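Numbering (the UniProt record's numbering), first residue to last: 1 to 316.
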């Protein structure tokens with residue numbers, strides 16, 4: 001989780017956006033973090049984040065850009081994997097006015113099921129900011145060395161479809177999938193993930209993710225090659241042992257009636273079970289090729305088989 005925290009911290013520190021992009025990011029963070037809630041006869045905005053920097057970015061933006069005060073509440077909850085720290089951004093005053101400003105409710109004061117139209121149809125800078133906000137709120141990133149994915153849990157099917165549509169505008173093919181517990185939007189191609197992280201503004205973190213991923217792929221390739229070589233060695237050793245047993249059986253059947261060149265090849269196979277055919281050819285006197293010694297052993301076994309069949313026919 002350390003790399004994921006680093007990415008969200010870097011995104012929270014991103015600067016240089018236009019006011020429209022900042023508003024798009026804030027609206028998306030609120031929508032994906034929890035959004036608008038009705039409590040008795042009033043509304044509150046209650047959005048939950050696992051990154052303190054993300055929560056602080058939203059609180060400060062609501063104050064400085066929208067003119068609304070928000071507070072951050074810290075909670076710790078126990079899970080099977082240990083304690084999880086969460087940070088709740090809470091707005092309790094002038095909530096409907098803020099929801100109108102961010103586009104989370106329309107002019108009829110109906111909640112937007114996906115994302116505000118001005119965000120989805122906004123500029124490229126707004127699209128990038130919206131993806132940044134969604135990731136800061138509910139994004140996950142694979143650890144280097146494992147199967148690559150960038151995943152965002154979405155509050156609704158409409159929000160997931162909006163996120164996919166905005167990804168297409170940025171040149172990405174994000175996949176929308178429905179799980180038992182949530183709607184999710186996922187990127188799995190490593191190159192696409194790198195480009196998306198850069199588009200969102202995590203240039204420093206993406207270099208770390210890319211470097212560690214490359215190291216992991218190199219180690220994985222080395223391990224696969226080592227396993228492949230080990231498997232080949234086991235297969236070769238097994239084949240050599242089986243060939244040695246067959247040669248011994250051929251010697252028993254043929255007795256002294258074996259051509260000298262076939263006998264020499266067979267004896268080498270019996271005496272050097274751990275050596276390859278190429279190595280047997282090199283220690284033969286005179287030296288012969290791998291194909292030559294393989295051919296002699298094959299003819300020896302064929303001769304033994306032919307002799308055994310002939311004896312069986314005579315005994316009938």
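Idealized CB from N, CA, C, for every residue including glycine.
Since the structure is predicted, the reported quantities are computational estimates derived from the model, not experimental observations.
If we ignore side chains and look at the alpha-carbon of each, how far apart do residue i and residue j end up?
i           : j           : result
residue 162 : residue 239 : 59 Å
residue 298 : residue 313 : 23 Å
residue 207 : residue 191 : 12 Å
residue 282 : residue 263 : 16 Å
residue 38  : residue 100 : 15 Å
residue 267 : residue 247 : 8 Å
residue 182 : residue 94  : 30 Å
residue 307 : residue 146 : 59 Å
residue 143 : residue 242 : 45 Å
residue 96  : residue 68  : 11 Å
residue 30  : residue 211 : 33 Å
residue 301 : residue 250 : 6 Å
residue 116 : residue 27  : 8 Å
residue 215 : residue 271 : Because residue 215 sits at a pLDDT of 46, beneath the cut-off of 50, its placement in the model cannot be relied upon, and the following sentence gives the value as read from the coordinates. If you take the alpha carbons of residue 215 and residue 271, they lie about 44 Å apart.
residue 287 : residue 309 : 33 Å
residue 63  : residue 57  : 10 Å
residue 132 : residue 276 : 59 Å
residue 92  : residue 83  : 28 Å
residue 209 : residue 6   : 10 Å
residue 153 : residue 188 : 15 Å
residue 294 : residue 280 : 9 Å
residue 167 : residue 71  : 32 Å
residue 197 : residue 4   : 11 Å
residue 136 : residue 105 : 22 Å
residue 61  : residue 118 : 18 Å
residue 65  : residue 49  : 20 Å
residue 257 : residue 273 : 24 Å
residue 179 : residue 151 : 12 Å
residue 222 : residue 34  : Bear in mind that a pLDDT of 47 at residue 222, under 50, signals an unreliable position, so the model cannot answer this.
residue 81  : residue 165 : 34 Å
residue 265 : residue 252 : 15 Å
residue 36  : residue 193 : 30 Å
residue 225 : residue 186 : Reliability fails at residue 225, whose pLDDT of 46 lies under 50, so the model's placement of it is uncertain and no value is given.
residue 202 : residue 172 : 17 Å
residue 269 : residue 244 : 6 Å
residue 17  : residue 160 : 24 Å
residue 311 : residue 259 : 19 Å
List the endpoints of the continuous alpha helix (DSSP H) containing residue i.
i           : result
residue 101 : 95-102
residue 291 : 290-314
residue 283 : 277-283
residue 10  : 2-12
residue 120 : 117-120
Should residue i and residue j be called a contact, given that it needs their Cβ atoms to be closer than 7 Å?
i           : j           : result
residue 76  : residue 85  : yes
residue 129 : residue 25  : yes
residue 304 : residue 254 : yes
residue 10  : residue 205 : yes
residue 155 : residue 32  : yes
residue 114 : residue 158 : yes
residue 21  : residue 126 : yes
residue 109 : residue 51  : no
residue 87  : residue 55  : yes
residue 138 : residue 90  : no
residue 170 : residue 199 : yes
residue 184 : residue 177 : yes
residue 53  : residue 2   : no
residue 235 : residue 261 : no
Looking at the secondary structure, which residues open and close the beta strand (DSSP E) in which residue i lies?
i          : result
residue 73 : 71-79
In terms of DSSP beta bridges, what is residue i paired with?
i           : result
residue 267 : Paired residue(s): none; residue 267 is not in a bridge.
residue 90  : 46 and 71
residue 83  : 78
residue 111 : 105
Please list the segments of the beta strand (DSSP E) lying wholly inside the segment 18-59, counting only runs of 3 or more residues, in order along the chain.
-> 36-39 and 42-49
Entirely within the UniProt domain "WhiA LAGLIDADG-like" (128-219) and at least 4 residues each: give me those alpha helix (DSSP H) ranges in chain order.
-> 157-169 and 190-200
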